[in-house]
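Under UniProt numbering, the final residue of the sequence shown carries the number 152; numbering is consecutive throughout. Where is the CB? At the ideal position from N, CA and C, for every residue including glycine. Quantities reported herein were computed from a predicted structural model and do not represent experimental measurements.
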Amino acid sequence: MQEVGIAYFCNLLASQPIEISEDILSSIPSLVTHQEISSIMTIPTREEIKEMIFSMSRNRAPGPDDFLADFYSTCWDIIGTDLVHAIKEFFRRKVFQRNWKATFITLIPKVVNPTSFRDFRHISLYNVCYKVVSKIITTRLSVFLDRLISPK
């Protein structure tokens with residue numbers, strides 16, 4: 001069963017390299033300036049990081065580190081400085097700490113009596129630090145979305 005599951009999800013989650021010619025890329029108009037792109041990865045403020053922590057759903061399933069967002073907000077006065085330092089360090093180096101990238105994949109049945117892996121929806125459970133970085137970046141990206149995605 002384990003081998004079948006591993007093979008199924010390796011195939012499902014595998015990626016293939018895509019080659020795009022320079023001719024195609026050069027014909028796509030630039031909708032976001034280089035300055036705007038750079039602003040996405042600027043080092044966040046303590047307030048921005050705290051806002052992201054406190055706006056997260058508190059009791060969502062934990063990632064591999066077993067901490068809920070509720071822990072970070074409840075213990076902010078104790079761990080806030082260290083957390084802010086760690087997140088700012090990501091934005092300085094542009095590299096995730098290895099344990100931040102660890103993920104649990106959980107299977108949720110799509111049907112009453114599942115008989116194959118296709119009968120399950122998979123969700124990824126990330127550590128809170130990864131979610132905070134992701135939330136900061138997506139919040140910053142949201143400013144540009146109306147230029148990048150057609151309403152139709």
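- Task: Compare the Cα-Cα distances from S39 to each of F144, R58, S150 and report the closest residue.
- Result: F144
- Query: With 16 as the cutoff for other CB atoms within 10 Å, does A69 come out buried or exposed?
  - Reply: Buried: at least 16 other Cβ atoms inside 10 Å.
- Task: Note the first and the last residue of the continuous alpha helix (DSSP H) segment covering F91.
- Result: If you look at F91, you'll find it in the alpha helix (DSSP H) that goes 76-93.
- Cutoff 6 Å; reference residue 158; Cβ partners in own chain excluding five residues on either side: In the structure displayed, the chain extends from 1 to 152; residue 158 sits before or after that span and is not available.
- Beta-carbon spacing of R147, L31 below 7 Å: yes
- R140 (DSSP reduced to helix, strand or coil): helix
- Starting from I105, follow the beta strand (DSSP E) in both directions and report where the run begins and ends. That run of the beta strand (DSSP E) goes 103-109.
- Query: When the Cα of I37 is compared with those of V111, T138, L13, which residue comes out closest?
  - Reply: T138
- Query: Between L125 and F91, is the Cβ-Cβ spacing less than 7 Å?
  - Reply: no
- Query: For V111, which residues of its own chain have a beta-carbon under 8 Å away from its beta-carbon, when the five flanking residues on both sides are left out?
  - Reply: D119
- Give the straight-line distance between the Cα atoms of Y72 and R60, rounded to the nearest whole angstrom. The straight-line gap from Cα to Cα measures roughly 13 Å.
- Task: Would you decide whether G5 is buried or exposed? Buried here means 16 or more other CB atoms lie within 10 Å of its CB.
- Result: exposed
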